[in-house]
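Visitor:
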Amino acid sequence: MTECAEEYVNYFLNQKKTVDVELKDITTRYTNDIIASVAFGVKCDSINEKNNEFYLMGKKMTNLTFLRGLAFLLYGIMPKLSKANAKKSSINPSIHSLNYYFRQCN
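See the structure below:
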C-alpha cells in the first residue's frame, strides 16, 4: 500500500505545473492499484498508465445495471445454469469473461 501511495505522490511532485484532476478518477485509480496489489498480487500503475487492463476490467465490472447485477448474482450462485442462460438471453455474456479475468489474476 505504501508503494502505491508513493507512486501517486511522485506523480504529482513530478508535474511541471498545477494539475487539474477529477477527485473521483484519482481515488478510483488509487483504490484499483491497492486492490490489485493486496488482493491479487498484481502491480499496476493506473496513474501513469491510464488504460491499463486491470483498471479497465475493474471499471467495467463495477459499472452495474440492474440486469448485470442480477447476472453476477446468478453466476455466483449457479454458474452452470447462468452460463447456459446467458447464451439464450439478452444478459451480456461478457460478465463471464470479466469473472474469468479476475479469477486468472489470483
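Just so you know, this note's numbering puts 71 at position 12 of the sequence shown, and the rest follows in order with no gaps.
All residues carry an ideal CB built from backbone N, CA and C; glycine is no exception.
Remember, it's a predicted structure, so these values are computed and weren't measured experimentally.
Does DSSP put Cys-103 in a helix, in a strand, or in coil?
Guide: Here residue 103 is taken as the residue at index 44 of the sequence shown, counted from 1. In this structure, Cys-103 counts as coil in the three-state DSSP scheme.
Visitor: Is it buried or exposed for Cys-63, if we count other Cβ within 10 angstroms and need 16 for buried?
Guide: Working through the sequence shown from its first residue, we reach residue 63 at position 4. It is buried - the Cβ of Cys-63 has at least 16 other Cβ atoms within 10 Å.
Visitor: Under 8 Å between the Cβ atoms of Asn-91 and Phe-113?
Guide: As a first step, residue 91 must be located in the sequence shown, where it is residue number 32. As a first step, residue 113 must be located in the sequence shown, where it is residue number 54. In this structure, Phe-113 lies closer than 8 Å to Asn-91 by Cβ.
Visitor: Evaluate contact between the segment 82-91 and the segment 107-122, counting only Cβ atoms and requiring at least three cross-stretch pairs below 8 Å.
Guide: Taking 8 Å as the limit for Cβ pairs, the verdict is that the segment 107-122 does touch the segment 82-91.
Visitor: Taking the CB atoms as reference points, tell me whether Asp-104 and Asn-110 lie closer together than 8 Å.
Guide: Within the sequence shown, residue 104 is the residue found at index 45, counting from 1. Within the sequence shown, residue 110 is the residue found at index 51, counting from 1. Not closer than 8 Å, so no.
Visitor: From the DSSP output, in three-state form, read off Lys-75 for me.
Guide: Against the sequence shown, residue 75 aligns to sequence position 16. Of the three classes helix, strand and coil, the one that applies to Lys-75 here is coil, per DSSP.
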